[in-house]
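Heads up, the thing below is written out as structure tokens.
Here it is, written out as structure tokens:
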């Protein structure tokens, strides 16, 4: 068997172009960049104004079936497709989210693609990058500090200390900080109250950064953040605390898109990083819109499976940004489909057509869901060396019966060359099948109607059960007149249902809504189902234990 270098070894041996040269190929001059070393840069907001009236390219969403421990390779496919487009002499840009340090040091390790389909410099991207996530941390925690400071100095706004909904954040998995007490140590240290931490990418500030159109929109959205309620039940906002100006100031650089490149020097914007099972899971509107003005094809992704990331990409990001995606690529693997068919992880290398026939129902449902948004869809099989011809043929023929084309992707091992078939088929799909994109539901429907549509149409569920806490939250949101916003479902990524153990295509299940919170600045209502952690914990053996740095600065173990 041929030795396959690790992702970080491949990354460290890449031949990168100076970022000014990558930018120049897009028509971005040095004066329009802010350099962060040799291979990273931010694009100035003034340049965005220069290209605002240019014709937009085609927008391609890469999504996937429900994730499994076997891995699907959605980011790898996204990057590889961008590289393959370049090999076909298409002007393409990849648009991705930034990795959070929590997952990097926890279970996942690095998150910039894999094999010969990576965004680089991989070490920098995974370890602090241009500081965007830290800026979000600072802006979030400034607001936290202002809340407690306001209470300490007399509480003129009459904030109910038992009903403060705003949490502190940090960009690391730390379960010990989920529930804490602040203000201990006497009168000079503030008013004791319960508080807690979320991971930074779960912050509403991150969601706002990724949905804001410009600085003015950013500041306006920040001012609408609801931090808690008065003793009379009225919302208290960041604007009431006069926080939005300073928060926007802390985000003045973070709002600028980050330009990097793939292993094959295809331009890539990596900007923003909201969680997909808590927030909307898409890279920034600013970066996506800029990419569309600079390329013929923009390949972006949405987090986790199509039931979470794609649904939110269509119903939240595209709705607010006025985007109309031209095609969707649905990533699947033989291994993951067999896992959905009941095969344990340690047996996935063995051919098992019966399990594949059972598990492919998960793929079927995601194809149906994308079609409900009237977006043309293509299936990409991310090939592993354990896949058999019989298994691949079964998927291809099955999808053919559904009227869906399939491309075998080998970008992990071959880079852009392994994605030529995929790139050609995506281009042909766009040329032959116009998109009629439209969101799934009308914003003017009630909260329960919108949740019911998502549960029924996207998840395949039956009834929606609401806890007393959820019922109370809905009444409060309706009373505040904030109910005519998109729904952002907080749900497990591992199942179409709210039960992570229900694999394949569960049907007729009941979805339980435990709570709702309004993200007034981001402009959506978060609906909590199942056991969703906004502050993950580290595993027994964190990925950080494999990481090291040598005296010469060379990094190992990042992935």
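Numbering (full-length UniProt numbering), first residue to last: 1 to 559. A virtual CB, placed ideally from N, CA and C, is assigned to each residue, including glycine.
Query                                                                                                                          : Result
Nearest-angstrom Cα separation, counted from residue 443 out to residue 316                                                    : 10 angstroms
Residue 368 in three-state terms, based on DSSP                                                                                : helix
Residue burial classification, residue 354 (beta-carbon count within 10 angstroms, cutoff 16)                                  : exposed
Beta-carbon proximity of residue 238 to residue 521, cut-off 9 angstroms                                                       : yes
Inside the stretch 224-305 only - beta strand (DSSP E) runs reaching at least 3 residues                                       : 226-230, 235-237, 258-262, 267-270, 297-301
Local Cβ density within 10 Å of residue 242, reported as buried at 16 or more and exposed below that                           : exposed
Residue burial classification, residue 191 (beta-carbon count within 10 angstroms, cutoff 16)                                  : exposed
Spatial neighbours of residue 202 in its chain, beta-carbon cut-off 6 angstroms, leaving aside the 5 residues before and after : 275, 278, 534
Nearest-angstrom beta carbon gap, residue 453 and residue 516 [assumed within contact, 8 angstroms]                            : Not a contact, Cβ separation roughly 16 angstroms.
Runs of beta strand (DSSP E) lying entirely within the stretch 9-36, each at least 3 residues, in chain order                  : 33-35
Buried/exposed call for residue 322, threshold 16 Cβ in 10 Å                                                                   : exposed
Top-ranked residue by Cα proximity to residue 17, from 173, 121, 113                                                           : 121
Beta strand (DSSP E) segments (min. 3 residues) lying fully within the stretch 140-200                                         : 159-164, 168-170, 180-182, 193-195, 197-199
Residue span of the beta strand (DSSP E) that contains residue 42, given as start and end                                      : 41-43
Residue 560 vs residue 397 beta-carbon contact at 9 angstroms                                                                  : The structure shown does not extend to residue 560, since the chain spans only 1 to 559, so no value can be given for it.
At least 3 beta-carbon pairs within less than 8 angstroms: the stretch 116-131 vs the stretch 551-559                          : yes
Counted within 10 angstroms of its Cβ, other Cβ atoms place residue 144 as buried (16 or more) or exposed                      : buried
Three or more C-beta pairs below 8 angstroms linking the stretch 221-241 and the stretch 155-175                               : yes
Proximity of residue 118 and residue 79 at Cβ, strictly below 9 angstroms                                                      : yes
Reference residue 327; option with closest CA among 9, 470, 377, 298                                                           : 377
Spatial distance of residue 461 from residue 538 (CA atoms)                                                                    : 32 angstroms
Length of the line joining the Cα atoms of residue 199 and residue 212                                                         : 21 angstroms
Cβ neighbours of residue 206 in the same chain (closer than 6 angstroms, five flanking residues each side left out)            : 136, 274
Neighbour-count burial assignment, residue 319, 16 or more Cβ in a 10 Å radius                                                 : buried
Range covered by the beta strand (DSSP E) that runs through residue 510                                                        : From DSSP, residue 510 is part of no beta strand (DSSP E); its letter is neither H nor E.
DSSP state of residue 65 mapped onto helix, strand, coil                                                                       : coil
Straight-line Cα distance separating residue 186 from residue 270                                                              : 45 angstroms
In DSSP terms, what residue 382 is bridged to                                                                                  : 409
Residue 607 burial status per 10 Å Cβ neighbour count (16 or more: buried)                                                     : Look at the range of the chain in this structure, 1 to 559, and you will see that residue 607 is not part of it.
Uninterrupted alpha helix (DSSP H) stretches inside the stretch 411-435 (no shorter than 4 residues)                           : 411-414, 420-432
Residues that residue 549 bridges to, as DSSP identifies them                                                                  : 555
Residue 82 burial status per 10 Å Cβ neighbour count (16 or more: buried)                                                      : buried
Proximity test, residue 172 beta-carbon vs the ligand ZN heavy atom, cut-off 8 angstroms                                       : No copy of the ligand ZN occurs in the structure displayed, which carries no ligand at all.
Chain D within 9 angstroms of residue 162, Cβ atoms only                                                                       : Protein chain content of the structure displayed is limited to a single chain, and chain D is not contained in it.
Other residues of its chain near residue 514: CB distance less than 7 angstroms, five sequence neighbours each side excluded   : 467, 469, 470, 528, 529
For residue 524: DSSP bridge partner residues                                                                                  : 519
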